[in-house]
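Please read the structure below before turning to the comments.
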Amino acid sequence: IEQHVKEEIFVREGLALGLDQDDPVIRKRIYSKVDFLVRAQLEAKQASDEDLLAI
């Protein structure tokens, strides 16, 4: 738990300092996460009524 708290504090402080700005690694990670979410939403919308009833 202590490590998790430390990580959260460091992340918040880093964001407050703007360390996420103009960082290609962070931009790529954000892109990947949003791409994953968009694809998941598209797949969910493509499910047929029959598919949904089977769940």
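Under the working numbering, the first residue of the sequence shown is numbered -9, with each subsequent residue one higher. A virtual CB, placed ideally from N, CA and C, is assigned to each residue, including glycine.
Helix, strand or coil: which one does DSSP assign to Q(-7)?
Counted from its first residue, the sequence shown places residue -7 at position 3. Correct three-state label for Q(-7): helix.
CA-to-CA distance, L32 to A44, given in whole angstroms:
Sequence index remark: in the sequence shown, residue 44 carries index 54 (1-based). Sequence index remark: in the sequence shown, residue 32 carries index 42 (1-based). One C-alpha to the other measures close to 19 angstroms.
My guess is that I16 and D25 are in contact by the Cβ rule of under 8 angstroms, so how many angstroms apart are they, rounded?
Within the sequence shown, residue 16 is the residue found at index 26, counting from 1. Within the sequence shown, residue 25 is the residue found at index 35, counting from 1. Not quite, the Cβ-Cβ distance comes to about 15 angstroms (not below 8 angstroms), so this is no contact.
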